[in-house]
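Notes follow once the structure below has been shown.
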Amino acid sequence: MKKGQLPTKICPVCNRPFEWRKKWRNCWQEVVYCSEKCRRSKSLKSSPDPGEVSAGRRGL
6 MKKGQLPTKI CPVCNRPFEW RKKWRNCWQE VVYCSEKCRR SKSLKSSPDP
56 GEVSAGRRGL
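According to the numbering used here, the sequence shown holds residues 6 to 65 in order.
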């Protein structure tokens, strides 16, 4: 496969595209994150913003 023909995905944490790598040849369907850093920070990105939570409580 030529470099321009490699499949790509978008990382849900950093929203950057990343390309297929040889080490992922057997598990490309399961690959979600572009890097170990994004995989570790997935929970930080998905948790609600503290400002939004406190703003919601003020209305109670």
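Here a beta-carbon is modelled for each residue, glycine too, at the ideal position from N, C-alpha and C.
Nearest to residue i (by Cα), restricted to the options the options
{"i": "Glu24", "options": "Gly9, Ser46 and Glu41", "result": "Gly9"}
{"i": "Ser46", "options": "Cys19, Arg26, Ile15 and Lys7", "result": "Cys19"}
Pair within 8 angstroms by beta-carbon distance, residue i and residue j
{"i": "Arg30", "j": "Tyr38", "result": "no"}
{"i": "Lys14", "j": "Val36", "result": "yes"}
{"i": "Trp33", "j": "Pro17", "result": "no"}
For residue i, the first and last residue of its enclosing alpha helix (DSSP H)
{"i": "Lys8", "result": "No alpha helix (DSSP H) contains Lys8, which DSSP labels as neither H nor E."}
{"i": "Glu41", "result": "Glu41 to Arg45"}
Residues near residue i by beta carbon distance below 8 angstroms, same chain, minus five either side
{"i": "Ser59", "result": "Because Ser59 carries a pLDDT of 49, less than 50, the predicted location of this residue cannot be relied on, and no value is offered for it."}
{"i": "Arg21", "result": "Ile15 and Cys39"}
The beta strand (DSSP E) enclosing residue i, as first and last residue numbers
{"i": "Glu24", "result": "Pro22 to Glu24"}
Three-state secondary structure (DSSP) of residue i
{"i": "Lys27", "result": "helix"}
CB contact check: residue i to chain B, cutoff 8 angstroms
{"i": "Val18", "result": "Absent from the structure is chain B; it holds one protein chain and no more."}
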